[in-house]
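53 is the number of the first residue of the sequence shown in my numbering; add one for each residue after it.
Backbone N, C-alpha and C define an ideal beta-carbon position, used for all residues, glycine too.
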Amino acid sequence: MTHEAVILESRTMRDSLTEWTQALDRVKALQLLPDGMHLTTRLVADYFEVGEEAVKSIVKRHREELRSNGYQLLQGDELHRYLRSNMDPSPLPGRGLALFPRRAVLNVAMLLRDSDVARQVRSQLLDLADAARPSAALDAYVAELARRVAEEVVLRRLQPHARVVGAMSCRLADVDTALREVRGRMDSLCTLWAHRSVQDRSRGRRCR
Numbered sequence: 053m054t055h056e057a058v059i060l061e062s063r064t065m066r067d068s069l070t071e072w073t074q075a076l077d078r079v080k081a082l083q084l085l086p087d088g089m090h091l092t093t094r095l096v097a098d099y100f101e102v103g104e105e106a107v108k109s110i111v112k113r114h115r116e117e118l119r120s121n122g123y124q125l126l127q128g129d130e131l132h133r134y135l136r137s138n139m140d141p142s143p144l145p146g147r148g149l150a151l152f153p154r155r156a157v158l159n160v161a162m163l164l165r166d167s168d169v170a171r172q173v174r175s176q177l178l179d180l181a182d183a184a185r186p187s188a189a190l191d192a193y194v195a196e197l198a199r200r201v202a203e204e205v206v207l208r209r210l211q212p213h214a215r216v217v218g219a220m221s222c223r224l225a226d227v228d229t230a231l232r233e234v235r236g237r238m239d240s241l242c243t244l245w246a247h248r249s250v251q252d253r254s255r256g257r258r259c260r
């Protein structure tokens, strides 16, 4: 399966590319609404050089995905407010006004099969992704190298202390052994003293 086919079939792949909206401008200029941010269904269709029904079909089959990238359908009071601020409110769209920000337009480009413009956009997307990949790999390499250097520096600085700690550990072990010997001798003396005390008491009774 080609990379372009993966884009068409995999939402995960498409989600990873939605930031590369400059791919649209590399193919042709977008004609935006007066708000400078959105396109209507007709403007999107004009950009991809297809009929509006082709765009509407994409919206119908992938509405949730498009919404996650900013697509919205304005109706009622929300539509009136938008038209008053950005467009001539008459004639008013009967079923609402679909708005596509740049990310949603790019999303359409990744879903629209029968459009030469969409294919060109997908090609630009892959070029941008390939160009970015070496930079990401270099960043990962630098981060790994920095981690290794930091570990070496820490180990190098701890090495002299490790010798001291090792020597102290040996010394403490010797002290512990000596203390055990002292305790053993004291226990022996206490046992001997107790035994002799019993003997002395026994002799005292005999003398009486």
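message = Can you tell me whether Thr-54 is buried or exposed? The criterion is at least 16 other CB atoms within 10 Å of its CB, across all chains shown.
response = Numbered from its first residue, the sequence shown carries residue 54 at position 2. Counting Cβ neighbours within 10 Å, Thr-54 comes out exposed, since fewer than 16 surround it.
task = With a floor of 3 residues, list each beta strand (DSSP E) that falls wholly inside the segment 69-136, ordered by position along the chain.
result = 124-126
query = From Gln-212 to Arg-199, what does the alpha carbon distance come to, in whole angstroms?
reply = As a working mapping, residue 212 is identified with position 160 in the sequence shown. As a working mapping, residue 199 is identified with position 147 in the sequence shown. Per the sequence shown, residue 212 should be read as Pro rather than Gln. Using only the alpha carbons, I get a separation of about 22 Å.
inquiry  = Our contact map puts Thr-70 next to Arg-155 with C-beta atoms below 8 Å; I'd like the distance itself, whole angstroms only.
reply    = Numbered from its first residue, the sequence shown carries residue 70 at position 18. Numbered from its first residue, the sequence shown carries residue 155 at position 103. Going by Cβ atoms, the distance from Thr-70 to Arg-155 rounds to 5 Å, so yes, they are a contact pair.
inquiry  = Counting beta carbon pairs with one atom in the segment 95-108 and one in the segment 116-130, are three or more of them shorter than 8 Å?
reply    = no
ask   = In three-state terms, what does DSSP make of Val-164?
value = For the purposes of this step, residue 164 is taken as the residue at position 112 of the sequence shown. First, the amino acid is wrong: residue 164 is Leu here, not Val. The answer is coil: DSSP assigns Leu-164 none of H, G, I, E or B.
Range covered by the alpha helix (DSSP H) that runs through Arg-63 = Here residue 63 refers to the residue found at position 11 when the sequence shown is read from its first residue. Run containing Arg-63: 63-67, per the alpha helix (DSSP H) assignment.
query = Straight-line CA distance for Leu-135 to Leu-177?
reply = Translated into positions along the sequence shown, residue 135 becomes position 83. Translated into positions along the sequence shown, residue 177 becomes position 125. Taking the straight line joining both Cα atoms gives about 33 Å.
inquiry  = Strictly by DSSP, which residues pair up with Ala-150?
reply    = Along the sequence shown, read from residue 1 onward, the residue named residue 150 stands at position 98. In the DSSP output, where bridge partners are listed per residue, Ala-150 has Leu-125.
task = Classify Thr-54 as helix, strand or coil using the three-state DSSP reduction.
result = If you number the sequence shown from 1, residue 54 lands on position 2. The answer is coil: DSSP assigns Thr-54 none of H, G, I, E or B.
message = Using the Cβ count rule (16 or more neighbours within 10 Å means buried), how would you classify Ser-167?
response = If you number the sequence shown from 1, residue 167 lands on position 115. With 16 or more other Cβ atoms within 10 Å, it is buried.
query = Based on Cα-Cα distance, which residue from Leu-84, Ala-81, Arg-223, Arg-113 lies nearest to Val-160?
reply = Position 108 of the sequence shown, counted from the first residue, corresponds to residue 160. Nearest option by C-alpha distance: Arg-113.
task = Starting from the Cα of Met-89, find the closest Cα among Arg-147, Ser-175, Glu-203, Gln-124 and give me that residue.
result = In the sequence shown, the residue the question calls residue 89 occupies position 37. Per the Cα distances, Gln-124.
task = Tell me, to the nearest whole angstrom, how far the beta carbon of Leu-39 is from that of Leu-84; I am working on the premise that it is less than 8 Å.
result = Here the chain has residues from 53 to 260 only, and residue 39 is not among them.
ask   = When the Cα atoms are used, what is the spatial distance from Thr-73 to Arg-209?
value = Here residue 73 is taken as the residue at index 21 of the sequence shown, counted from 1. Here residue 209 is taken as the residue at index 157 of the sequence shown, counted from 1. The straight-line gap from Cα to Cα measures roughly 49 Å.
message = Counting C-beta neighbours from all protein chains within 10 Å, is the total for Val-111 16 or more, i.e. buried, or is it exposed?
response = Sequence index remark: in the sequence shown, residue 111 carries index 59 (1-based). It is buried - the Cβ of Val-111 has at least 16 other Cβ atoms within 10 Å.
task = Confirm, please, whether the CB-CB distance from Gln-172 to Val-79 is below 8 Å.
result = Here the question's residue 79 lines up with position 27 in the sequence shown. Here the question's residue 172 lines up with position 120 in the sequence shown. Going by C-beta atoms, Val-79 is nearer than 8 Å to Gln-172.
task = Confirm, please, whether the CB-CB distance from Leu-60 to Arg-165 is below 8 Å.
result = By one-based count along the sequence shown, residue 165 stands at place 113. By one-based count along the sequence shown, residue 60 stands at place 8. Contact: yes.
message = One question on the structure: do Gly-50 and Leu-163 come within less than 8 Å of each other, judged by their Cβ atoms?
response = One cannot answer for residue 50 here, as it falls past the ends of the chain, which runs 53 to 260.
Assigned exposure category for Ala-183 - 16 Cβ within 10 Å defines buried = What you label residue 183 is simply residue 131 of the sequence shown in a count that begins at 1. Flag for Ala-183 reads exposed.
key: Nearest residue (CA-CA) to Leu-95, options Phe-152, Leu-158, Asp-87, Glu-130   = By one-based count along the sequence shown, residue 95 stands at place 43. Out of Phe-152, Leu-158, Asp-87, Glu-130, Phe-152 has the C-alpha closest to the C-alpha of Leu-95.
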